[in-house]
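Below: one structure, written as structure tokens.
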Amino acid sequence: MFNGSLFWFAMGVLFVFVAWAFKTFADDRGWRLNWWKGLLALLWYAILSLSLYAWGTLAGEGEAGAGFKLFLIGLFVCIVFGAGLVRLLIHRPKTQAEPSPQ
Amino acid sequence: MGKEKNSSVSRRNFLKIAGLAGAGAQAGAFVAAGVAAGKDSESYTGWESFNPGTQFFNRKPFEFDGPAHAPVGEVRRPSHITDYVFGRVRTFQMAYQVNPEWTLEDPIEDLGLIPELVEFYKRFPERLEWDFRTFNETVPANREDQEKYGNFFKLAEIYSSGFTSHGMHLPSPESPPEESDFTVSMRGRSHQLDDPAPFKSPELATEFFKELAHRYGATLVGVTRTNPAWLYSEGWRGCPDDYDFSSMPEHWEFAIVIGVPMEWDVILSSPQFSTSYDAYDRVSTAAVRLEGALKFAGYAARAHTPMTGYDLIVPPHAVEAGLGEVGRTGFCITPELGGNCRMAVVTTNLPMVPDRPIHFGVAEFCAKCKLCAESCPSGAMSMADSPDGMVIRGYEHWFINNGACYNYWRESMGPMGCRMCVATCPYSRKDNWIHDVAREVDPRDPTGVVSSSLLWMQKNLFPYPEAEEYRRPPTGRFASFREPPFYLEAERYLDLEIVKPRRE
Amino acid sequence: MTKELIAIKEISPPPARRRRRERILVALTLLLIAVVWVAGAVRSESEHLPCVELAFPGAEHFVKEEDGLYSAWWDGSKPGFLGYVAIGVGDGYGGPVRVAVAVDRAGETVGVVIAGHGETTAWMNRVVKSDLLRSLIGKAHSDPFEIGADVDGVTGATTTSRALAWAVRDGSRAAALRLGLPVNEPQPPKIVFGIPEIVLLALFAVGYIGHQGRFPFTRQVRWGTMLIGLVVLGFVYNAPVTLASITRLTLGYWPQWQTNLYWYFLIGGILLVFTIDNKNPYCRWFCPFGAAQECMAVIGGAKAKVSRRVSEGLKWLPRLLALGAVLIGVYYRNPGLASYEVFGTLFELIGSNIQFTILGLVLVASLFVLRPWCNYLCPIAPVVDLIRVIREAVKEPWRKTKNDPA
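Next comes the structure, spelled out in structure tokens:
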């Protein structure tokens, strides 16, 4: 059930929802999301998803310990990358009207 | 202000057009995906893996013009008397039984062995020690261990026996090649071959028989020219002792090499729960089927298999046929199956197109990896970075002490044999996306960074028991690399007294 | 970057009462180390006999000779002298590596057993797992025993490999001499002076210029030295200052200068600059692990915002850890034993699960807090503090006599 064609079709649909929700979330926060920031956010989400998928695959193969450790490595990458990404997304370019935050 | 509006309008347009293009691309992709779903081998209930799709690795980018395995010294053909470990140990043991006072300190000549064997033992004194230890200490100790721990491994032996009892019925040639290879047996009667079926070209003939080979049960198929240097120097099946073994029969021109893996969960529970016979039986069956088909098509054929015997050695033919490369373990490491590939050969005179050997990074990986050597329970494998200077019968590859290797086969529990090197080899992995990424990316990286990272992950994320844990108690605890699959757990199914081996 | 980081501030003398308390604590610490040193000496007097017995295959009976060698014999049923077992010594990363070397009458090495070492556990495990020890068996006493020549070293553990090879050479020659076999004079060791040594001296020099008071480009220079330190001293050579290098000083395990110039430059250089200038040239300027943390800080926007009282209290954690590690290393005469630093884990990706977990947590923390390892866990900082207190204590009477117009 978790592997067939229809499953991946459904995952594709879900992904569209997640991306749309993220855009709405960003808009609500006043983040200026341009195409390459969006791409970086996508990359981050892909790394996280892939780490989870890898953990599951290795666990299914009988190597749950190895899978968990691999997931931890991916998680570490996501935390570091995520910290930088959040700063990037929040950052507002200074305009004439806006005083620079101190 | 106006400029912003323009750019936002063009951005919206861009998005709309891109979206439309995306929908168009998806439409085409859905059709293509549909075709793939319809053709998918997984939908061929009962025949899912009996098709060329099991040989999924694209070898084209890695092919080169052979020979892959060129001699570096004087070539000596392999011998059933000396190199072939079962025969050698049995000969030695029989001579010892006649001279029970002989010890390792005494000269080897005192045993009355044939001169070739004496010379062999003088060249490889460590094999003399190991072979002696095998029948003198290891086999008797193993009988005691079977008494004590045998029940724990009983289901594994039952699993294996199904295959062995079938494989033993496969027919072996009973007359020399010029007779048996040209004789077809069907329903108890034999007759000479019909006229050969006229194939339009060797390419088409090769394609046809490869398709058949997969349907007959072969996972991997490759074709090469049989090399006379790799024929046994004596003892071909069906031949009398005075037969002329010096030259290769002409009709053995081509060698179709086929390979079949051992069951994946079972092989990971090496050395105690695994068996060679599941693959031995399947590959021998496929080879015998192929031999039958070739003969029925009018071509001379002879199968060389684990269950029916060999007149040649298979691994170098597999390497020349592009199935894989030789690694530290001494056998052929294939991209799809790693070391988990048991092979057979069908020699024939059908005009075929040989495949080209491949180079996909095994030797470089083996130089860094050494996991098999570290895990070998009897320390039979070399830890040297490269095989430079290790020449066996004229060919250079990593040294294996087959006396030590065979010794542990007799020490281990469950179906005979060890197979640790197959299980630990990082190449011996199933076909899921994680391993497929490694398979495809690693050979294409010239810097070696990918293989170093993969190796780091292999050694640090995955558990590896110490080599001595596989030994018998008290040195070890008859450990297995991984737990056996649930259907081989004796405690789950059997109402018996079961003693699990522990370090005492 | 606040001024605190770029200017290595002169430590102004603290109030007198605190100063006296510091000096008492330092004196107690030194006393404790001395006591443990003595206790450790008593402990290590034990015989090497178990290793000796393991080393010689087939020998049943051993006699300790006056010169420290052990002669090996068959058991009573087959009388016969087999050879000698000598305890050879080689210079390892954490001090001397001792190997029981069994040599037969022909001068051939027939067995080797490690009898003692100060190497970091993960590195020694690597070497033991490899073929190195097995490959040393069968060598003649006249062989060079050089890594890369007649002995294959273990990747990533060159110093330990070399120490073992030379320990076996040392033992093999000692036994050969005793057997009356011809032994060449040992070649004087080649002086090792290459890229790591040159880069290190350059970093000291540039750092010296960089932290002069009026220098305008201090910030850029500091980032330059940090990044070079990170890449060269960190990832390429994995040669930061570790507690093992300092503990071996306490034990008097001074390494051979020809092959360990780097160690002398590093430790000696830091001590020298500190003694003269009261400045720490290493930690904030080219310590590779510190640099790694500052790179994380750039990504995550770390701020050095921890309350004064908290940071004063937390200062004691690394002090206690460092003291514990030094005491363990001194007692067991094994500087590498209690090395809890995670530097090697980052630069060579070698370590236990615990070390990797700590490394991960430290790196994640350094996204949000500035240099968490340096401030709350590093054993080098307490050692530097200790030396500073001693320096102040020593300098004071000297300054007094200088000012005193007697």
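Chains as they are written, first to last, in our numbering: chain A, 1 to 102; chain B, 103 to 606; chain C, 607 to 1012. All residues carry an ideal CB built from backbone N, CA and C; glycine is no exception.
Quiz item: What separation, rounded to the nearest whole angstrom, lies between the Cα atoms of residue 612 (chain C) and residue 823 (chain C)?
Solution: The residue labelled residue 612 (chain C) in the question sits at position 6 within the third sequence. The residue labelled residue 823 (chain C) in the question sits at position 217 within the third sequence. Any reading at residue 612 (chain C) must be qualified, since the residue scores a pLDDT of 45, below 50, and its modelled position is unreliable; the value itself is stated next. Near 10 Å, if we compare the C-alpha coordinates of residue 823 (chain C) and residue 612 (chain C).
Self-check item: Cβ separation of residue 692 (chain C) and residue 709 (chain C), assumed to be a contact under 8 Å, to the nearest whole Å
Solution: By one-based count along the third sequence, residue 692 (chain C) stands at place 86. By one-based count along the third sequence, residue 709 (chain C) stands at place 103. Confirmed, about 7 Å.
Quiz item: On the premise that residue 370 (chain B) lies in contact with residue 525 (chain B), defined as a C-beta separation below 8 Å, what is that separation, rounded to the nearest angstrom?
Solution: Translated into positions along the second sequence, residue 525 (chain B) becomes position 423. Translated into positions along the second sequence, residue 370 (chain B) becomes position 268. Between residue 370 (chain B) and residue 525 (chain B) the Cβ distance is about 5 Å, and since that is below 8 Å, they are a contact.
Quiz item: Could one say the Cβ of residue 490 (chain B) lies closer than 9 Å to chain C's Cβ atoms, at least one of them?
Solution: Within the second sequence, numbered from 1, the residue matching residue 490 (chain B) stands at position 388. Chain C, which has no Cβ nearer than 9 Å to the Cβ of residue 490 (chain B), makes this no.
Quiz item: Does the beta-carbon distance from residue 179 (chain B) to residue 315 (chain B) come in below 9 Å?
Solution: Here residue 179 (chain B) corresponds to residue number 77 of the second sequence, with the count starting at 1. Here residue 315 (chain B) corresponds to residue number 213 of the second sequence, with the count starting at 1. Their beta carbons are not under 9 Å apart, which means residue 179 (chain B) does not touch residue 315 (chain B) by this criterion.
Quiz prompt | Where residue 506 (chain B) falls, given that 16 or more other Cβ within 10 Å makes a residue buried | solution = Counting from 1 along the second sequence, the entry for residue 506 (chain B) is found at position 404. With 16 or more other Cβ atoms within 10 Å, it is buried.
Quiz prompt | residue 824 (chain C): first and last residue of the uninterrupted alpha helix (DSSP H) it sits in | solution = Position 218 of the third sequence, counted from the start, is the residue given in the question as residue 824 (chain C). Looking at the DSSP string, the run of the alpha helix (DSSP H) that includes residue 824 (chain C) is 824 to 834.
Exercise. Would you list, in chain order, the members of the segment 43 to 60 of chain A that have their beta-carbon closer than 9 Å to a beta-carbon of chain B?
Key: 53, 54, 57, 58 and 60
Practice problem: Look at the alpha carbon of residue 227 (chain B) and the alpha carbon of residue 313 (chain B), and state the distance between them as a whole number of angstroms. | Solution: One-based indexing of the second sequence puts residue 227 (chain B) at position 125. One-based indexing of the second sequence puts residue 313 (chain B) at position 211. Between residue 227 (chain B) and residue 313 (chain B), the C-alpha separation is close to 47 Å.
Quiz item: Starting from residue 693 (chain C) and walking both ways along the alpha helix (DSSP H), at which residues does that stretch end?
Solution: Taking the first residue of the third sequence as 1, we reach residue 693 (chain C) at position 87. Run containing residue 693 (chain C): none in the alpha helix (DSSP H); it sits in the beta strand (DSSP E), 687 to 698.
Practice problem: Pick helix, strand or coil for residue 587 (chain B), following the three-state DSSP scheme. | Solution: Start at 1 with the first residue of the second sequence, and residue 587 (chain B) comes out as number 485. Correct three-state label for residue 587 (chain B): coil.
Quiz prompt | Close beta carbons around residue 615 (chain C), own chain, < 7 Å, minus the five adjacent residues each side | solution = Locating residue 615 (chain C) in the third sequence gives position 9, counting from the first residue. Reliability of the predicted coordinates at residue 615 (chain C) is poor, the pLDDT of 46 falling under 50, and no value is obtained from them.
Quiz item: Does DSSP classify residue 297 (chain B) as helix, strand or coil?
Solution: Counted from its first residue, the second sequence places residue 297 (chain B) at position 195. Residue state, collapsed to three classes: coil.
Practice problem: Report buried or exposed for residue 98 (chain A), applying the criterion of at least 16 other Cβ atoms within 10 angstroms of its Cβ. | Solution: Counting from one through the first sequence, the residue named residue 98 (chain A) turns up at place 98. In this prediction, residue 98 (chain A) has a pLDDT of 48, which is less than 50 and means its spatial position is unreliable; nothing more can be read from the coordinates.
Quiz item: Which one or two residues does DSSP pair with residue 406 (chain B) in a beta bridge?
Solution: Within the second sequence, numbered from 1, the residue matching residue 406 (chain B) stands at position 304. DSSP lists B:447 as partners of residue 406 (chain B).
Exercise. Select from B:225, B:260, B:468 and B:445 the residue whose C-alpha is nearest the C-alpha of residue 405 (chain B).
Key: Counting from one through the second sequence, the residue named residue 405 (chain B) turns up at place 303. With distances taken between Cα atoms, residue 405 (chain B) lies closest to B:445.
Quiz prompt | Opening and closing residue of the beta strand (DSSP E) in which residue 706 (chain C) lies | solution = As a working note, residue 706 (chain C) is residue 100 in the third sequence. Element bounds for residue 706 (chain C): 701 to 710.
Quiz item: Using the rule of at least 16 other Cβ atoms within 10 Å of the residue's Cβ for burial, across every protein chain shown, is residue 940 (chain C) buried or exposed?
Solution: What you label residue 940 (chain C) is simply residue 334 of the third sequence in a count that begins at 1. That one is buried.
Quiz item: What span of residues does the beta strand (DSSP E) with residue 718 (chain C) cover, start to end?
Solution: Mapped onto the third sequence, residue 718 (chain C) falls at position 112. Element bounds for residue 718 (chain C): 715 to 722.
Quiz item: Using DSSP with H/G/I as helix, E/B as strand and the rest coil, what is residue 657 (chain C)?
Solution: Here the question's residue 657 (chain C) lines up with position 51 in the third sequence. Three-state DSSP puts residue 657 (chain C) in a helix.
Exercise. Counting only the same chain and skipping the five closest in sequence on each side, list residues whose C-beta sits under 7 Å from that of residue 857 (chain C).
Key: Taking the first residue of the third sequence as position 1, residue 857 (chain C) is located at position 251. Closer than 7 Å at the Cβ level, and outside the excluded window around residue 857 (chain C), lie 701, 936, 939 and 941.
Quiz item: For the segment 858 to 868 of chain C against the segment 34 to 52 of chain A, are there 3 or more C-beta pairs whose distance is under 8 Å?
Solution: no
Quiz item: Beta-carbon separation of residue 481 (chain B) and residue 420 (chain B) under 9 Å?
Solution: Indexing the second sequence from 1 puts residue 481 (chain B) at position 379. Indexing the second sequence from 1 puts residue 420 (chain B) at position 318. Cβ atoms of residue 481 (chain B) and residue 420 (chain B): not closer than 9 Å.
Practice problem: Report the neighbours of residue 476 (chain B) on chain C: residues whose CB is nearer than 8 Å to its CB, in chain order. | Solution: Along the second sequence, one-based indexing puts residue 476 (chain B) at 374. Result: 735.
Quiz item: From what residue to what residue does the beta strand (DSSP E) around residue 668 (chain C) run?
Solution: The sequence position of residue 668 (chain C) within the third sequence is 62, counting from 1. Element bounds for residue 668 (chain C): 667 to 670.
Quiz item: So with Cβ pairs under 9 Å, would you call residue 598 (chain B) a contact of chain A?
Solution: Along the second sequence, read from residue 1 onward, the residue named residue 598 (chain B) stands at position 496. It does not; no Cβ of chain A falls within 9 Å.
Practice problem: Determine, using beta carbons only, whether residue 26 (chain A) comes closer than 9 Å to chain B. | Solution: Numbered from 1 along the first sequence, position 26 holds the residue referred to as residue 26 (chain A). By this cut-off, residue 26 (chain A) is not an interface position.
Self-check item: Proximity to residue 73 (chain A) [Cα-Cα], best of C:952, C:927, C:850 and C:785
Solution: Mapped onto the first sequence, residue 73 (chain A) falls at position 73. Nearest of C:952, C:927, C:850 and C:785 to residue 73 (chain A), Cα basis: C:952.
Exercise. Reducing DSSP to helix, strand and coil, say where residue 13 (chain A) ends up.
Key: The residue you call residue 13 (chain A) lines up with position 13 of the first sequence. Helix.
Exercise. Can you tell me which of the three DSSP states residue 934 (chain C) falls into?
Key: Position 328 of the third sequence, counting from 1, holds the residue named residue 934 (chain C). Of the three classes helix, strand and coil, the one that applies to residue 934 (chain C) here is helix, per DSSP.
Practice problem: Quick one: which unbroken alpha helix (DSSP H) runs of 4-plus residues sit fully inside the segment 756 to 824 of chain C? Chain order, please. | Solution: 764 to 785 and 801 to 816
Self-check item: Opposing strand residues paired with residue 550 (chain C) [DSSP bridges]
Solution: The requested residue 550 (chain C) does not occur in the structure, where chain C is confined to residues 607 to 1012.
Quiz item: Is the beta carbon of residue 880 (chain C) less than 9 Å from the beta carbon of residue 994 (chain C)?
Solution: Locating residue 880 (chain C) in the third sequence gives position 274, counting from the first residue. Locating residue 994 (chain C) in the third sequence gives position 388, counting from the first residue. Cβ atoms of residue 880 (chain C) and residue 994 (chain C): closer than 9 Å.
Practice problem: Taking only runs that begin and end inside the segment 454 to 514 of chain B, name each unbroken alpha helix (DSSP H) of 4 or more residues, in chain order. | Solution: 464 to 471, 473 to 477 and 504 to 513
Quiz item: Going by DSSP, what residues sit across from residue 436 (chain B) in a beta bridge?
Solution: As a working note, residue 436 (chain B) is residue 334 in the second sequence. The partner list for residue 436 (chain B) (beta bridge, DSSP) reads B:440.
Exercise. To the nearest angstrom, report how far apart residue 424 (chain B) and residue 430 (chain B) are at their CA atoms.
Key: On the second sequence, residue 424 (chain B) is found 322 positions in, with the first residue counted as 1. On the second sequence, residue 430 (chain B) is found 328 positions in, with the first residue counted as 1. So the alpha carbons of these two residues sit roughly 18 Å apart.
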